[in-house]
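Here's the structure we're looking at; comments come further down.
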Amino acid sequence: MAKAFKNFIGGKERDAESGKTFENRNPADWSEVVGIFPKSDKRDVDAAVDAARQAYREWSLYPAPKRGDIVKKAGDIMVARKEDLAREMTREMGKVVLETRGDVQEGIDTAYYSASEGRRMFGVTAPSELQNKFTMSVRVPVGVAGVISPWNFPMAIPTWKIFPALVSGDTIVFKPASDTPKTAATLVEILVEAGVPDGVLNIVHGGGNEVGMAIVEHPDVELISFTGSTAVGKKISEISSRSLKRVSLELGGKNAEIVMDDANLELALDGILWGAFGTTGQRCTATSRLILHEKIYDKFLDMLAERASRLKLGNGLDESVEVGPCVNEAQREKVHSYTEIGKKEGARLVIGGEFAKGGDLDKGWFYKPTIFADVTPDMTIAREEIFGPVLSVLKARSMDNAIEILNGTIYGLSSAVYTRNINDAFKAIRDIKAGITYINAPTIGAETHMPFGGVKQTGNGHREGGAGAFDFFTEIKTVYVDYSDKLQRAQIDTYRESKGNTN
Ligand code: UN1
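Residue 153 in our numbering sits at position 116 of the sequence shown; the count goes up by one each step and never skips.
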């Protein structure tokens, strides 16, 4: 019998007010129930926001380095439990254990980075324009943060949001994706063990419409940090704009890799296999378009089809498996619908394009790595995010032409260029419209201490990762201390009375 999990509100485990539950199943073996979770609604969100609000004052008064120490301790616990966390995550959402170890490591890196930021969180000091007056800016917490996270990085992405929020002094209502509630529940458990006080971190399980939107609409939630689809992001943005709530959005992508005729083709091949089919293509940063220089187009496509057709699919707990299942049935159906569209619009199906079947594969939501060649920029499979193991290959005449194709999308998260021509590389760095550009490396694999985010409809200008995350989770307060014992009027007295001024 699978374990029944509960919400965690104000330091107490609680069932959903509705009394309802939902099951979380293993996408590589749908008969296996990973856990049972409360199906919450607005009432549970209200209780969690109340708890977060009550805990806020005391938490906001903890010195930031102390808050950082708690997050550091959570990182230490994650180190000790890494293998177990990774294996449970593979059972929960299917990606191979090599990658779930990476996901946990990304959380650990974020813990140590965020903890260290507790001893920086720099403000600015600058000289005043008046004598006997001091000026500085300091960072202060904002309030209650709503954290709404996706299923593809069940540990890493929640930590990108929760750790900087905690170190900043905010309290949290956390709604994880309903495909990955178990890893999220474990993360909360780890933070509680590390010393996060009651009410500072609350988790409410359930669906986006019932729980997610109740968090977004709640007047006492000041911040929303969301990673997910562009459609949902727009809805969140619209609702939040009515109360001018601050929102950080990490949304869709249609990332491309360019391979020029002078590139190291073996290296580019390794890059595309990892970028397109790693995590079964289910990353915001996944490579879903490959733009090949016309001179190497046929040759590279042959090399790619040969390698991609040999990728081993299966249960990600088997170390020899390279590609896991899609996260659920609906996702696999969606992926397949793009195959149908690709065929209808005249793209050439090179490999894949169907469910992967036979033996243990029949138990889960497996889809064959799929490559479409002769894709043109106007085709649906060149424009829409698929979020699965489907790669669209396009042809370019030159670096300029390749960049033009790469930029021809409403998204702009990650991008990659393989070339040995340094002039072309720098031109690409300048002209590609994306939040991240890799030279001679795949589109996936961002590091946690560097800014992460995209341009255009990939987001709304905020960055996660690194110190930039703290810009979102803190408010800047500017402080002036006048120790002259007289009224000094900035801009007026500055150039009349102060010593040293001649105007
Ligand atoms: C995502 O897919 O939403 O850069 C995040 C990467 C990972 C994070 C991906 N570090 O591929």
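For every residue, glycine included, the Cβ atom is placed at its ideal position computed from N, Cα and C. The model shown is predicted, which means the values in this text are computed figures rather than measured ones.
How close, in whole Å, do the beta carbons of residue i and residue j come, if the pair is a contact with beta carbons under 8 Å?
{"i": "Pro-406", "j": "Phe-314", "result": "5 Å"}
{"i": "Thr-511", "j": "Ser-205", "result": "5 Å"}
{"i": "Ala-367", "j": "Arg-326", "result": "Actually they do not touch by this definition, with Cβ atoms about 24 Å apart."}
{"i": "Val-516", "j": "Val-175", "result": "6 Å"}
{"i": "Ala-65", "j": "Gly-160", "result": "Wrong, their Cβ atoms sit about 49 Å apart, outside the cutoff."}
{"i": "Leu-341", "j": "Leu-306", "result": "6 Å"}
{"i": "Ala-152", "j": "Val-108", "result": "5 Å"}
{"i": "Ala-345", "j": "Ile-408", "result": "6 Å"}
{"i": "Ser-186", "j": "Lys-170", "result": "About 45 Å separates the two Cβ atoms, so there is no contact after all."}
{"i": "Gly-236", "j": "Gly-155", "result": "Between Gly-155 and Gly-236 the Cβ distance is about 20 Å, and since that is not below 8 Å, they are no contact."}
{"i": "Ala-101", "j": "Gly-47", "result": "The Cβ separation is near 23 Å, so there is no contact."}
{"i": "Thr-208", "j": "Ala-92", "result": "5 Å"}
Does DSSP put residue i in a helix, a strand or coil?
{"i": "Phe-159", "result": "coil"}
{"i": "Thr-456", "result": "coil"}
{"i": "His-330", "result": "strand"}
{"i": "Lys-523", "result": "coil"}
{"i": "Leu-98", "result": "helix"}
{"i": "Leu-431", "result": "strand"}
{"i": "Val-82", "result": "helix"}
{"i": "Thr-147", "result": "helix"}
{"i": "Ile-209", "result": "strand"}
{"i": "Glu-60", "result": "strand"}
{"i": "Ser-535", "result": "In this prediction, Ser-535 has a pLDDT of 49, which is less than 50 and means its spatial position is unreliable; nothing more can be read from the coordinates."}
{"i": "Thr-267", "result": "helix"}
{"i": "Pro-256", "result": "coil"}
{"i": "Pro-218", "result": "helix"}
{"i": "Glu-391", "result": "coil"}
{"i": "Asn-438", "result": "helix"}
{"i": "Tyr-448", "result": "coil"}
{"i": "Asn-540", "result": "Annotation note: pLDDT 44 at Asn-540 (below 50); position unreliable, no value reported."}
{"i": "Thr-474", "result": "strand"}
{"i": "Asn-497", "result": "coil"}
{"i": "Val-229", "result": "helix"}
{"i": "Ser-285", "result": "strand"}
{"i": "Gly-105", "result": "helix"}
{"i": "Arg-298", "result": "Looking at the sequence provided, one finds Asp at residue 298 rather than Arg. In this structure, Asp-298 counts as coil in the three-state DSSP scheme."}
{"i": "Arg-90", "result": "helix"}
{"i": "Leu-350", "result": "strand"}
{"i": "Val-360", "result": "strand"}
{"i": "Asp-140", "result": "helix"}
{"i": "Lys-119", "result": "helix"}
Keeping to the same chain, check which residues put their C-beta closer than 6 Å to that of residue i; ignore five residues upstream and five downstream.
{"i": "Ala-53", "result": "Pro-75, Lys-76, Ser-77 and Asp-81"}
{"i": "Thr-539", "result": "Residue confidence is low: Thr-539 scores 49 on pLDDT, short of 50, so the model does not pin down where it sits. Its coordinate-derived value is still stated next. Nothing meets the Cβ criterion."}
{"i": "Ile-73", "result": "Ala-39, Ala-41, Thr-58 and Glu-60"}
{"i": "Arg-128", "result": "Asn-63 and Val-71"}
{"i": "Lys-79", "result": "Ala-251"}
{"i": "Ser-97", "result": "Pro-178 and Gly-206"}
{"i": "Phe-424", "result": "Gln-319"}
{"i": "Leu-286", "result": "Phe-263, Gly-270, Gly-496 and Asn-497"}
{"i": "Tyr-162", "result": "Here residue 162 turns out to be Thr, not Tyr, going by the sequence shown. So the qualifying residues of the chain are Met-173."}
{"i": "Ala-410", "result": "Leu-338, Arg-385, Val-387 and Val-430"}
Tell me residue i's beta-bridge partners as DSSP assigns them.
{"i": "Pro-164", "result": "Phe-171"}
{"i": "Thr-515", "result": "Ser-174"}
{"i": "Gly-183", "result": "Val-210 and Ile-261"}
{"i": "Lys-49", "result": "Ile-46"}
{"i": "Asn-189", "result": "Note: Asn-189 sits in no beta bridge, so no partner."}
{"i": "Ile-240", "result": "Phe-45 and Phe-211"}
{"i": "Thr-324", "result": "Asn-292"}
{"i": "Pro-426", "result": "DSSP output for Pro-426 lists no bridge partner at all."}
{"i": "Gly-72", "result": "Asn-61"}
{"i": "Asp-66", "result": "Asn-63"}
{"i": "Phe-489", "result": "Glu-501"}
Suppose the cutoff is 8 Å on Cβ atoms and the five residues either side in sequence are ignored; what does the same chain contact list for residue i look like?
{"i": "Ser-280", "result": "Pro-256"}
{"i": "Val-412", "result": "Arg-326, Gly-379, Ala-384, Ile-418, Ala-419, Ser-429, Val-430 and Leu-431"}
{"i": "Ser-535", "result": "Note that Ser-535 scores 49 on pLDDT, short of 50, meaning its location in the model is unreliable and no value can be drawn from it."}
{"i": "Leu-122", "result": "Met-115, Thr-137, Val-141, Met-192, Thr-220 and Thr-223"}
{"i": "Ile-227", "result": "Ala-111, Ile-114, Met-115 and Arg-118"}
Within the same chain, show all residues whose beta-carbon is closer than 7 Å to that of residue i, passing over the 5 residues directly before and after it, in chain order.
{"i": "Glu-377", "result": "none"}
{"i": "Leu-450", "result": "Gly-290, Asn-292, Cys-321, Thr-322, Ala-471, Gly-472, Ile-473, Gly-491 and Thr-495"}
{"i": "Tyr-334", "result": "Lys-432"}
{"i": "Ile-145", "result": "Gly-112, Met-115 and Val-116"}
{"i": "Thr-446", "result": "Lys-291 and Arg-420"}
Flag residue i as yes when its Cβ comes closer than 7 Å to any non-hydrogen atom of ligand 2, and as no otherwise.
{"i": "Cys-321", "result": "What this structure holds is ligand 1, not ligand 2."}
For residue i and chain B, any beta-carbon pair shorter than 8 Å?
{"i": "Pro-201", "result": "Absent from the structure is chain B; it holds one protein chain and no more."}
Threshold first: 4 residues or longer. Then list the alpha helix (DSSP H) segments lying entirely within the stretch 363–416, N to C.
366–381
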